[in-house]
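Below: one structure, written as structure tokens.
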Ligand SMILES: Cc1cc2nc3c(=O)[nH]c(=O)nc-3n(C[C@H](O)[C@H](O)[C@H](O)COP(=O)(O)OP(=O)(O)OC[C@H]3O[C@@H](n4cnc5c(N)ncnc54)[C@H](O)[C@@H]3O)c2cc1C
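Numbering (our numbering), first residue to last: 1259 to 1651.
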């Protein structure tokens, strides 16, 4: 019998988790092709530690060669369009130099391209985008780093948009990393650091009290329940009209899934799924989502992305008639948020927290005391993902 063609959009945490999970239990039944933008992957969670020089790019980037050697196929290019009725994915290869559009056909499609950062609703964003830099993207994190290591006085504004956005604590992690660097450089007293949050408390709510306590000790000002609606050359305007001047801006733009999802009728901002356990599109049995692009009632983070990928893999294995035991999976996680170092040592301390979504209401847990050990634990956790999905280093 001819093998089925499984195409996966996105070679990140969710996409690669689906690829390995299906390959490992059904490689004789299915040909797997991952379509992804770049011939490498850069991990997300430790990006804030680039600011404090505690992390380096070489430990964060992996190639796909080992997964290809195992038998998973790759196409490197940007997906521009999906036609679910015709079962075709349009990929633009080499988009910046010599663009070539290629059509990839499938029997099953998994859509796992993560999020995009969309500042289009913010006035002045188009003209001033380059004045902003965040920890969220390679390149931009370098810009932010250069700015916080060079500036001598002024105001730093860190911004978190309304949930859902990728990695709830990352804005607070950013504020505390910036504090740590300024303190380390002996210039902290020359700066105001302001965290503006569109949510009613810093995220995630389970550690809001720990973040607030840390901010009080660090002298970081917190403004909640207000959105940035305009960005100027050296100021932002909030939705109540207040104008705040900045020297350094670290504004996370509102998040959404890439537009090809909406254009294919698979959801508005996010990919609509039947349920968190059944990640098929309500309109197409053969199109599934996984990871941050999926509309799930949970935070957008790596563990949830991985768990959604296993649910998607189980559905595919069932449909393929693989006869294999399904992967054992539930929505629950333990994570760590970096909360800087109050003394300005470049040794970040972290708080540990967890959420279990198998109970109603979901059960939060935490150790409220930030510890250095948790930063090291988070590093081991992140490296184990990279080793498992890409290759050991
Ligand atoms: C700064 C930062 C800090 C974070 N901290 C944590 C943390 O502490 N704990 C935690 O659990 N999670 C954290 N996360 C979140 C975690 O990294 C994501 O939740 C996880 O990577 C989501 O997996 P994904 O597969 O959905 O997306 P990704 O891992 O981003 O993978 C998406 C892939 O799709 C590719 N792609 C995108 N668009 C296209 C396209 N049009 N065509 C082809 N390919 C495309 C991308 O290049 C990428 O390779 C953090 C993320 C960031 C950025």
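C-beta: ideal position from N, C-alpha, C; glycine also.
Looking at the DSSP output, residue 1321 sits in a beta bridge with 1298. Annotation for residue 1594 indicates a beta carbon within 8 Å of some heavy atom of ligand 1. Under a 10 Å Cβ-count criterion, residue 1304 is classified as buried, with 16 or more other Cβ atoms of the shown protein chains found around its own Cβ. The closest heavy atom of ligand 1 lies 8 Å or more from the beta carbon of residue 1406. Secondary structure of residue 1622 (DSSP, three-state): strand.
When C-beta atoms of the segment 1262-1273 are compared with those of the segment 1348-1366, three or more pairs fall below 8 Å, so the two segments count as touching. The closest CA to that of residue 1547, considering only 1270, 1433, 1628, is found on 1270. Using a Cβ distance threshold of 9 Å, residue 1322 and residue 1306 do not count as a contacting pair.
Using a 10 angstroms sphere on the CB of residue 1634, the tally of other CB atoms stays under 16, which defines it as exposed. Residues 1309, 1310, 1406, 1407 of the same chain have their beta carbon placed closer than 7 Å to that of residue 1439, with the five preceding and five following residues left out of the count.
Contact between residue 1623 and residue 1611 holds, since their C-beta atoms are separated by about 7 Å, short of 8 Å. If the five residues before and after residue 1578 are omitted, its C-beta is found closer than 7 Å to the C-beta atoms of 1262, 1284, 1287, 1288, all from its own chain and listed in chain order. At a cut-off of 8 Å, the beta-carbon of residue 1301 counts as near ligand 1: some heavy atom of the ligand is closer than that. With a 10 Å radius around the Cβ and a threshold of 16 neighbouring Cβ atoms, residue 1576 comes out exposed.
The continuous alpha helix (DSSP H) containing residue 1434 extends over residues 1428-1442. Residue environment: residue 1532 is assigned as exposed (fewer than 16 neighbouring CB atoms within 10 Å of its CB, all protein chains considered).
Per DSSP, residue 1531 lies in no alpha helix (DSSP H) and is assigned neither H nor E. Here residue 1593 is bridged, per DSSP, to 1611.
At least one heavy atom of ligand 1 falls within 8 Å of the beta-carbon of residue 1267. For residue 1449, the enclosing beta strand (DSSP E) starts and ends at 1449-1455.
C-alpha of residue 1640 to C-alpha of residue 1301: approximately 8 Å in a straight line. Approximately 13 Å separates the beta-carbon atoms of residue 1558 and residue 1371; this is outside 8 Å, ruling out the contact. With respect to the 9 Å criterion, residue 1566 and residue 1549 are classified as neighbours on the basis of their beta carbons. Residue 1521 sits away from residue 1389, with the two beta carbons spaced by 9 Å or more. As the crow flies, the alpha-carbon of residue 1498 is around 12 Å from that of residue 1456.
Put simply, of 1556, 1552, 1337, 1503 the residue whose alpha carbon is nearest the alpha carbon of residue 1621 is 1556.
Following the DSSP letters along the chain, one finds residue 1564 in no beta strand (DSSP E) but inside the alpha helix (DSSP H) bounded by residues 1560-1578. One thing to note: residue 1494 has its Cβ within 9 Å of the Cβ of residue 1415. For residue 1493, the Cβ stays outside the 8 Å cut-off from all heavy atoms of ligand 1. One thing to note: residue 1330 has its Cβ no nearer than 9 Å to the Cβ of residue 1294. The three-state secondary structure of residue 1311, taken from DSSP, is coil.
Inter-residue distance for residue 1588 and residue 1342 is about 29 Å (C-alpha atoms, whole angstroms). The three-state reading of DSSP puts residue 1274 in helix, counting H, G and I together. Contact between the segment 1449-1463 and the segment 1476-1488 is present: 3 or more CB-CB pairs across the two stretches fall below 8 Å. Closest in alpha carbon position to residue 1481, among 1491, 1490, 1466, 1492, is 1466. Bridge partners of residue 1470 according to DSSP: none are assigned.
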